[in-house]
Amino acid sequence: MLFILMGLLAFILFVAYDINDVIFKNNVIRRFFFLGSFLLIFATAGIIIEAFDVIIWNFWWMSIFGMFSLFFLILLIYTLFFALPFNETYIISNGSPQVYRNGVYALCRHPGVLWFGGFYFFLWVALRIPMLLWAGLVFCVCNFLYIVFQDHWTFIRTFEDYNDYKKSTPFIIPNFESIKRCLLTLK
Numbered sequence: 004m005l006f007i008l009m010g011l012l013a014f015i016l017f018v019a020y021d022i023n024d025v026i027f028k029n030n031v032i033r034r035f036f037f038l039g040s041f042l043l044i045f046a047t048a049g050i051i052i053e054a055f056d057v058i059i060w061n062f063w064w065m066s067i068f069g070m071f072s073l074f075f076l077i078l079l080i081y082t083l084f085f086a087l088p089f090n091e092t093y094i095i096s097n098g099s100p101q102v103y104r105n106g107v108y109a110l111c112r113h114p115g116v117l118w119f120g121g122f123y124f125f126l127w128v129a130l131r132i133p134m135l136l137w138a139g140l141v142f143c144v145c146n147f148l149y150i151v152f153q154d155h156w157t158f159i160r161t162f163e164d165y166n167d168y169k170k171s172t173p174f175i176i177p178n179f180e181s182i183k184r185c186l187l188t189l190k
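Encoded structure:
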């Protein structure tokens, strides 16, 4: 239960980071995103380590579903830290940053939520730890609430053209057009 509470705290830190980024711009609070990420990693690792002796060790099962989990984790890391080209990430127009609309961000407005859910689902399938299922569900609900907050508060205040982006790009479920746009602009 402690690890689930740590995960909840991680999302509180993410929200505080966003509020700070829009309003206060305090350098100490800017570290909350990193700290929240660390808490989430630590909570997930803690659940696995705590249940290590009850894991059903099946090499093929764990390898197949572990690879799926790793695939989604790589997509999540790519989306959060590498999908935005540095020289285009902070395009300023009339004093306000513009939304990056290519690659995975053409797929949907919050592609990370898809990869996050896939990571926890396949990690649970690979390891079959009941607490990991509960933690994954709680963390996914928190992540969904966090992206709703970002979609309705943070990004509207951060990006001048976010409302236009909302009209042209699905929230989290890609459609045929957004998949096509993603594939055409993926680097």
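Counting from 1 along the sequence shown, just add 3 to a position and that's the residue number in this note's numbering. Beta carbons are placed, not taken as given, at the ideal position from N, Cα and C, and that holds for glycine.
Flag this pair as yes or no: are the beta carbons of F125 and E53 separated by less than 9 Å? Walking along the sequence shown from the start, residue 125 turns up at place 122. Walking along the sequence shown from the start, residue 53 turns up at place 50. Cβ distance not < 9 Å, so F125 and E53 don't count as in contact.
Taking Cβ to Cβ, would you say K111 is nearer than 9 Å to T172? As a working note, residue 111 is residue 108 in the sequence shown. As a working note, residue 172 is residue 169 in the sequence shown. Looking at the sequence provided, one finds Cys at residue 111 rather than Lys. It is a contact, given that the beta carbons lie within the stated cut-off.
To the nearest angstrom, report how far apart V174 and H113 are at their CA atoms. Position 171 of the sequence shown, counting from 1, holds the residue named residue 174. Position 110 of the sequence shown, counting from 1, holds the residue named residue 113. Per the sequence shown, residue 174 should be read as Phe rather than Val. C-alpha separation (whole angstroms): 6 Å.
In this structure, how does DSSP classify P100 when only helix, strand and coil are distinguished? Position 97 of the sequence shown, counting from 1, holds the residue named residue 100. Reduced to three states, the DSSP call for P100 is strand.
Among I182, F36, L8 and I26, whose alpha-carbon lies nearest the alpha-carbon of Y20? As a first step, residue 20 must be located in the sequence shown, where it is residue number 17. Answer by Cα proximity: F36.
For the alpha helix (DSSP H) containing G106, list its first residue and its last residue. As a position in the sequence shown, residue 106 is number 103, starting the count at 1. Premise fails: G106 is in no alpha helix (DSSP H) and is neither H nor E.
Which of helix, strand or coil does DSSP assign to F45? Reading the sequence shown from its first residue, position 42 is the one you call residue 45. Residue state, collapsed to three classes: helix.
Near L87, what residues of its chain come up, given a Cβ to Cβ distance below 8 Å and the 5 sequence neighbours on each side ignored? Along the sequence shown, one-based indexing puts residue 87 at 84. For L87, where only same-chain residues beyond five positions count, the Cβ hits under 8 Å are Y103 and Y108.
Burial state of R184, where buried means 16 or more other Cβ atoms lie within 10 Å: Within the sequence shown, the letter at position 181 stands for residue 184. It counts as buried.
Taking the C-alpha atoms as reference points, what is the distance between L187 and Y165? Here residue 187 refers to the residue found at position 184 of the sequence shown. Here residue 165 refers to the residue found at position 162 of the sequence shown. Each residue's alpha carbon lies about 21 Å from the other.
Start and end residues, alpha helix (DSSP H) containing E180: If you number the sequence shown from 1, residue 180 lands on position 177. E180 -> alpha helix (DSSP H) spans F179 to T188.
Please classify E163: does DSSP put it in a helix, a strand, or coil? Mapped onto the sequence shown, residue 163 falls at position 160. DSSP places E163 in coil when its eight states are reduced to three.
Which residue's Cα is closest to the Cα of S40: F62, F84, I182 and F179? Residue numbering aside, residue 40 sits at position 37 when the sequence shown is read from its first letter. Here the closest residue by C-alpha is F84.
Find the nearest neighbour of E163 within the set Q101, L38 and F152, judged by alpha-carbon distance. For this step, residue 163 is matched to residue 160 along the sequence shown. That would be Q101, whose Cα lies nearest to the Cα of E163.
With a CB to CB cut of under 7 Å and the five nearest residues on each side skipped, what residues in its chain are close to I77? Within the sequence shown, residue 77 is the residue found at index 74, counting from 1. Cβ neighbours of I77 beyond the five flanking positions: none.
Residue range of the unbroken alpha helix (DSSP H) whose run includes N146: Residue mapping note: residue 146 aligns to position 143 of the sequence shown, counting from 1. Segment P133 to F152, the alpha helix (DSSP H) holding N146.
My guess is that T82 and G115 are in contact by the Cβ rule of under 8 Å, so how many angstroms apart are they, rounded? Working through the sequence shown from its first residue, we reach residue 82 at position 79. Working through the sequence shown from its first residue, we reach residue 115 at position 112. That belief holds up - the Cβ atoms of T82 and G115 are roughly 5 Å apart, short of 8 Å.
If you check the beta carbons only, do A13 and I67 fall under 9 Å apart? Here residue 13 corresponds to residue number 10 of the sequence shown, with the count starting at 1. Here residue 67 corresponds to residue number 64 of the sequence shown, with the count starting at 1. Not a contact, by the Cβ cut-off of 9 Å.
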